[in-house]
Amino acid sequence: MPAARPCGCGEGRLHRRRHVQGRHGATADRRGRQGLVRLQGHQVQRHQPCTGVQPRGLRDLRGRRAGERPHGAGKLREVRVVAVTVVWSGLALGAINALVGIAYNMVLTTSGIFNFAQPQFVMIGAFLAFEGSVVLGLPLWVLLVATAVIGGLLGLLEDQAAIRPLGSGSSHGALVTTVGVSVVMSGAALIIWGTTPRNVPFEGGREALEILGGRILPVELTLLILAVVVAVLLQWGLRRTTWGMAIRAVSADKENARLRGIDVERVRTLGFVVAGAFSMALGPLVVSLVSANVELGNSLVILGFVAAAVGGMGSFVGALIGGLLTGIVQALAAQYIGGQAGLLAVFVLLIVVLVARPTGLFGDRKLRLL
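Each number in the numbering used here comes from the position in the sequence shown (counting from 1) with 38 added on.
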């Protein structure tokens, strides 16, 4: 038998195999010519004449051998989309932390008290938003106004019932009192709503938006924009308005501010009212992203504190930057290391910042933590 003519698709190898089989006495069953040749008990697909067109899988394999990567661009794009989406998610969570940190700083600058009950206002607002939206069918703007009014009244009640009776003594007693208020609010929420999580769909839609190569939900984008606007406006008002100057005077020296005719108690009450209204109005937005449950306030106590401490106590823009940093670090660590690594990474960030700069990134020296 003449030598088999080799070709690029393996025809020569098949002919040589038949030639060897013939020399050793192997028989081929030719009764059926449906394209199968029986060789030593094995079935081999009859080779068709080479047409010069290779199968797509073979072309891909040879392309990879030549250094080409047909799917590399798609995989790279997928990795990039996931990474940017994780960053957007971290910025949204960081915006919540930043807004809680801003509320902390509002009370801190007006009274010198760190109000541990502040995140519980967000939790109560989230439950009220569920009742108003799902049970009563109220629109979002009505929920925002209603929760702001209720939060302002609760802030006034906290100031008058828990802070004012302590007088102008040490702030340590007031700190313990705010912890008690936090426990009372959390217990009341547990009695009223129980442990079942609640969710409220966002009126702005649930379809993700694609921005800068990543995906972000409308409620996440809303929270991010809100955090930036609130921080910038409060920082501007603190330096450019009359009430802002009064707050700065009280924060610097209460006795000196009182001698200059500033009503220190009124400024303190104003801080509690504004922070309460602002925090509870966050509830209708937060509940569309995070479930309303009794543990929501407790988790925000820690993350809001870290945001304020990293950014700097007393600085609204600092709380914004600190919150966004903590959110990004938490999201990236949870995505690429593990779910439990997110909170650990946040505390590592806190330790590094406070060791390098005890006042935080933009904090007041009189409000330093270390």
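We put the beta carbon where it would ideally sit given N, CA and C, even for glycine.
Fair warning: this is a prediction, and the values are worked out from it, not measured in the lab.
- Taken atom to atom, the span from the alpha-carbon of Leu166 to that of Pro322 is near 8 Å.
- Segment contact: the segment 359-373 against the segment 183-193, fewer than three CB-CB distances shorter than 8 Å; contact not assigned.
- Taking C-beta atoms under 8 Å as the contact rule, Phe316 and Gly350 fail to qualify, at a distance of about 19 Å.
- Nearest Cα to Ala284 within the set Glu303, Val384 and Leu255: Glu303.
- Secondary structure at Gly232: coil, using DSSP grouped into helix, strand and coil.
- If you look at Leu247, you'll find it in the beta strand (DSSP E) that goes Leu247 to Ile249.
- Here DSSP, grouped into helix, strand and coil, assigns Ala155 to coil.
- Rounded to the nearest angstrom, the gap between the Cα atoms of Gly189 and Leu204 is 22 Å.
- Your pair Thr147 and Gly352 checks out as a contact, with CB atoms roughly 5 Å apart and the cut at 8 Å.
- With a 10 Å radius around the Cβ and a threshold of 16 neighbouring Cβ atoms, Ala290 comes out exposed.
- The C-alpha of Met223 is placed about 13 Å away from the C-alpha of Gly232.
- Judged by DSSP in its simplified three-state form, Arg118 adopts helix.
- Going by beta carbons, Leu264 and Val160 fall outside the 8 Å limit.
- Residue range Val302 to Ala319 is occupied by the alpha helix (DSSP H) that includes Arg304.
- Around the CB of Thr279, fewer than 16 other CB atoms lie within 10 Å, so the residue is classed as exposed.
- The beta-carbon distance between Val325 and Val219, rounded to whole angstroms, is 22 Å. This is too long to meet the 8 Å contact definition.
- Leu178 places its beta carbon 8 Å or farther from that of Glu248.
- Remark: C-beta atoms of Leu213 and Ile140 do not approach each other more closely than 8 Å.
- Bridge partners of Gly252 according to DSSP: Ile249.
- Put simply, the segment 117-135 touches the segment 255-274. At least three CB pairs are less than 8 Å apart.
- Counting C-beta atoms within 10 angstroms of its own C-beta, Ala394 has fewer than 16 neighbours from the protein chains shown and is therefore classed as exposed.
- Around the beta carbon of Asp197, a 10 Å sphere encloses 16 or more other beta carbons of the protein chains shown; the residue is thus reported as buried.
- Taking a C-beta distance under 8 Å as the contact criterion, Val268 and Leu137 qualify as a contact pair.
- Of the other Cβ atoms in all chains shown, fewer than 16 fall within 10 Å of the Cβ of Ile230; this residue is therefore exposed.
- CA-to-CA, the gap between Gly211 and Ile201 works out to about 9 Å.
- Counting along the chain, the unbroken alpha helix (DSSP H) around Phe343 starts and ends at Leu334 to Gly349.
- Thr123 is positioned such that its CB atom lies closer than 8 Å to that of Gly252.
- Under the DSSP definition of a beta bridge, Ala330 partners with Arg236.
- In the DSSP assignment, Arg244 falls outside any alpha helix (DSSP H), carrying neither H nor E.
- Look at Arg277 here: in three-state DSSP terms it is helix.
- For Gly170, there is no enclosing alpha helix (DSSP H), as DSSP marks it with neither H nor E.
- The beta carbons of Met318 and Gly163 sit closer together than 8 Å.
- For Ala200, no alpha helix (DSSP H) run applies, since DSSP gives it neither H nor E.
- Contact annotation: Gly380 and Val391 have beta-carbon atoms that are not nearer than 8 Å.
- For Thr364, the enclosing alpha helix (DSSP H) starts and ends at Phe354 to Tyr374.
- For Pro235, the closest C-alpha among the options Glu333, Gln368, Gln156 and Ile375 is that of Glu333.
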